[in-house]
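Report on the following structure.
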Amino acid sequence: MKKIAWVTDSTASLDEELVNHPDLYTVPMSIILDEEEYKDKIDLTPEELFQRLKSLKNPPKTSQPSVGEFKNLYEKLQGEYEEVISILVSSDLSGTVSSSEQASQLVDIPVTTIDSRILSYPLTVQIKKGMEWLAEGKSVSVIEEKIEKIRETYETYVLVRSLEQLHRSGRMSGMKFFLGSMLNVKPIISVANGVLSIKDKARSEKKAKEKIYSYLQSSYEKFKFEEVYILYGLHITEALKWKDELESEFPSIRFSCHPLGATIGVHAGEDTIGISWYNDLD
Numbered sequence: 001m002k003k004i005a006w007v008t009d010s011t012a013s014l015d016e017e018l019v020n021h022p023d024l025y026t027v028p029m030s031i032i033l034d035e036e037e038y039k040d041k042i043d044l045t046p047e048e049l050f051q052r053l054k055s056l057k058n059p060p061k062t063s064q065p066s067v068g069e070f071k072n073l074y075e076k077l078q079g080e081y082e083e084v085i086s087i088l089v090s091s092d093l094s095g096t097v098s099s100s101e102q103a104s105q106l107v108d109i110p111v112t113t114i115d116s117r118i119l120s121y122p123l124t125v126q127i128k129k130g131m132e133w134l135a136e137g138k139s140v141s142v143i144e145e146k147i148e149k150i151r152e153t154y155e156t157y158v159l160v161r162s163l164e165q166l167h168r169s170g171r172m173s174g175m176k177f178f179l180g181s182m183l184n185v186k187p188i189i190s191v192a193n194g195v196l197s198i199k200d201k202a203r204s205e206k207k208a209k210e211k212i213y214s215y216l217q218s219s220y221e222k223f224k225f226e227e228v229y230i231l232y233g234l235h236i237t238e239a240l241k242w243k244d245e246l247e248s249e250f251p252s253i254r255f256s257c258h259p260l261g262a263t264i265g266v267h268a269g270e271d272t273i274g275i276s277w278y279n280d281l282d
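Those letters in the sequence shown? Residues 1 to 282, per full-length UniProt numbering, in order.
Next comes the structure, spelled out in structure tokens:
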């Protein structure tokens, strides 16, 4: 079996198993706060990030890793590994895939760059499945094909519980923010085909949760998947509350909680919460 290095970016929400994995490497995104640049998960803790967001003078920004950062990493890996598989944040949300692809042309080690079409823990799931298939003896080309197949089956729905950060980040106009706040509108954001869009709106958090639960119910009746990921901005307490509620309604599904990460967090805020699953994990 070839010795393979796995690479991802810091939008992936890595669990304990992968944080300590000897063959997984992470290239950090950059977060720009009032013209100061920070490396995601290196220079700022999640608590520090969300605290800073409350007092910014300018909208926060995120930036993909440069071609040079990927090139430097791949050059280091080529002495120890035979090949690299990079599974990265959706190319419709970031230029990270492009940076990796360009860097791969500048190094001697073969690099397969896979567009996950997603971010956060659902991206991590693709890494874990890829590692499983490698352990089973599958080739890199087969692993790529299988990841591209399962990535078409995910569903993700995120409840933006406060419109304030969307407004502060420049993603919502002042008038929309004012009207949304007055009407207590709770937008539900979906991620489909790698793109963020507004799936629906509700007049209260209770109604928004009911809608999200109905999406889950409808898909579960069709596909009978076994696991669902609860994604949260900063506060795991609320995520655990959702987990308890969902476990009582769907006892045959395994639920787990994972942070959303900075890419959505800097725009959607610390109170954001949502769920995601794959309809077919093979």
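Cβ coordinates follow ideal geometry from the N, Cα and C atoms, glycine included.
Problem set entry | Pro22, buried or exposed, once every other Cβ within 10 Å from all chains shown has been counted against 16 | By the Cβ-count criterion, Pro22 is exposed, with fewer than 16 other Cβ atoms from all chains shown falling within 10 Å of its own Cβ.
Problem set entry | Three CB pairs or more closer than 8 Å across the stretch 100–117 and the stretch 74–85 | Result yes; three or more Cβ-Cβ pairs closer than 8 Å.
For this session: Less than 8 Å between the CB atoms is what I'm expecting for Pro122 and Ser276, so what's the real figure, rounded?
Result: Indeed, because the Cβ distance is near 5 Å, the residues count as touching under 8 Å.
For this session: Could you name each continuous alpha helix (DSSP H) segment of 4 residues or more that falls completely within the stretch 48–127, going from the start of the chain to the end?
Result: Within the stretch 48–127, the complete alpha helix (DSSP H) runs of at least 4 residues are 67–77, 96–104.
For this session: Please say whether Val111 and Val84 have beta carbons closer to each other than 9 Å?
Result: Yes; because the gap between Cβ atoms is below 9 Å, this pair is in contact.
Problem set entry | Nonlocal neighbours in the same chain, by C-beta distance under 6 Å from Pro46, ignoring five residues either side | By the criterion of a C-beta distance shorter than 6 Å, Pro46 is surrounded in its chain by Leu234, once the five residues flanking it on both sides are discounted.
For this session: With Lys211 as the anchor, note down where its beta strand (DSSP E) starts and where it stops.
Result: Secondary structure note for Lys211: it is in no beta strand (DSSP E), and the uninterrupted alpha helix (DSSP H) holding it is 205–223.
For this session: Give a yes or no on contact between the stretch 22–41 and the stretch 53–65, applying the rule of three or more CB pairs nearer than 8 Å.
Result: Judged by Cβ distances under 8 Å, the stretch 22–41 makes contact with the stretch 53–65, as three or more pairs qualify.
Problem set entry | Rounded separation between Thr153 and Val185 - CA only | Straight across, the Cα-Cα distance linking Thr153 with Val185 is about 29 Å.
For this session: Give the straight-line distance between the Cα atoms of Pro59 and Tyr38, rounded to the nearest whole angstrom.
Result: Each residue's alpha carbon lies about 15 Å from the other.
Exercise. Skipping 5 residues on each side, what residues in its chain have a beta carbon closer than 6 Å to that of Leu18?
Worked result: Taken in chain order, the residues that qualify are Leu24.
For this session: Return the first residue and the last residue of the beta strand (DSSP E) that Glu17 is part of.
Result: Taken as a continuous stretch (DSSP letters only), Glu17 belongs to no beta strand (DSSP E), being part of the alpha helix (DSSP H) at 16–19.
Problem set entry | Identity of the residue in Leu281, Tyr278, Ile150, Leu260 nearest Lys41 by Cα | If we check each option's Cα against that of Lys41, Leu260 comes out closest.
Exercise. Alpha carbon to alpha carbon, how far is Glu148 from Leu281?
Worked result: One C-alpha to the other measures close to 11 Å.
Exercise. Whose C-beta lies closer than 7 Å to the C-beta of Leu44 among residues of the same chain, with five residues either side of it excluded?
Worked result: Taken in chain order, the residues that qualify are Ile31, Tyr38.
Problem set entry | Cβ separation of Ile188 and Tyr232, assumed to be a contact under 8 Å, to the nearest whole Å | With 8 Å as the limit, Ile188 and Tyr232 do not qualify as a contact, their Cβ atoms being about 15 Å apart.
Problem set entry | Residues that DSSP places opposite Ile230 in a beta bridge | Looking at the DSSP output, Ile230 sits in a beta bridge with Cys257, Ile275.
Problem set entry | Limits of the beta strand (DSSP E) - the one that Val195 falls within | That run of the beta strand (DSSP E) goes 195–202.
Exercise. Whole-angstrom Cβ separation of Lys243 and Ile230, contact assumed at under 8 Å?
Worked result: Rounded, the Cβ-Cβ distance is 6 Å, consistent with contact.
Problem set entry | Among Asp92, Val142, Thr237, the one whose alpha carbon lies nearest that of Val195 | The option with the nearest alpha carbon to Val195 is Asp92.
Exercise. Distance, Cα to Cα, Gln51 vs Val67?
Worked result: When rounded, the distance between both Cα atoms is 30 Å.
Exercise. Taking DSSP as the reference, what is the three-state secondary structure of Pro22?
Worked result: Coil at Pro22, not helix or strand.
Exercise. Out of curiosity, what's the CA-to-CA distance linking Ser256 and Lys138?
Worked result: Lys138 has its alpha-carbon roughly 28 Å from the corresponding atom of Ser256.
For this session: Excluding the 5 residues preceding and the 5 following Arg117 in the sequence, name in chain order all residues of the same chain whose CB lies nearer than 7 Å to its CB.
Result: For Arg117, where only same-chain residues beyond five positions count, the Cβ hits under 7 Å are Ser90, Arg151, Asn193, Gly194.
For this session: Check Val27 in the structure and name its three-state DSSP category.
Result: Here Val27 sits in strand by DSSP.
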